[in-house]
Amino acid sequence: MKRTEPRPIGELFDQLFKSPNIAAKIAEGGLPNTWREVVGPIVAEHTRHVRFVKGTLYVHVTSAVIRTELMMQRDALVRAINARAGIDIVKQVVVQ
Numbered sequence: 378m379k380r381t382e383p384r385p386i387g388e389l390f391d392q393l394f395k396s397p398n399i400a401a402k403i404a405e406g407g408l409p410n411t412w413r414e415v416v417g418p419i420v421a422e423h424t425r426h427v428r429f430v431k432g433t434l435y436v437h438v439t440s441a442v443i444r445t446e447l448m449m450q451r452d453a454l455v456r457a458i459n460a461r462a463g464i465d466i467v468k469q470v471v472v473q
């Protein structure tokens with residue numbers, strides 16, 4: 378086994394978390410919080426479920442008015458969520 382120079386643990390974690398698969402899983406786990414940050418407290422209060430499946434973020438809201446507004450802003454939501462997550466993980470948003 379080849380020995381290498383010791384490296385700081387922080388450097389190793391940074392390298393690990395920057396790998397595409399790990400970064401995507403971390404971003405996926407943070408989507409409910411990212412959703413709340415992007416839409417704000419009023420819309421988040423009317424959000425009942427946030428679910429992510431194969432690039433699609435499914436969001437269930439209880440208000441018809443908010444649902445209509447979110448449906449009209451789906452593309453902007455995708456851009457804002459991906460920007461906040463730091464990785465292009467969401468391809469589309471489905472508002473139910």
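Heads up: take any position in the sequence shown, counting from 1, add 377, and you land on this note's numbering.
For every residue, glycine included, the Cβ atom is placed at its ideal position computed from N, Cα and C.
* Give me whichever residues DSSP pairs with His-437 in a beta bridge. => His-426
* If you follow the beta strand (DSSP E) that Val-471 is part of, which residue opens it and which one closes it? -> 469-472
* Asked: What whole-angstrom Cβ distance do Val-470 and Val-436 have, given they're in contact under 8 Å?
  -> 6 Å
* Asked: Does the separation of the CB atoms of Thr-433 and Lys-402 fall below 8 Å?
  -> no
* To do: Find the nearest neighbour of Gly-417 within the set Ile-399, Leu-454 and Pro-383, judged by alpha-carbon distance.
  => Leu-454
* So is Ala-404 buried or exposed if we call it buried at 16+ other beta carbons inside 10 Å? -> buried
* **Close beta carbons around Trp-412, own chain, < 8 Å, minus the five adjacent residues each side** => In its chain, beyond the 5 residues on either side, Ala-421, Thr-424, Val-427, Leu-434, Val-436 and Ile-458 have a beta carbon closer than 8 Å to the beta carbon of Trp-412.
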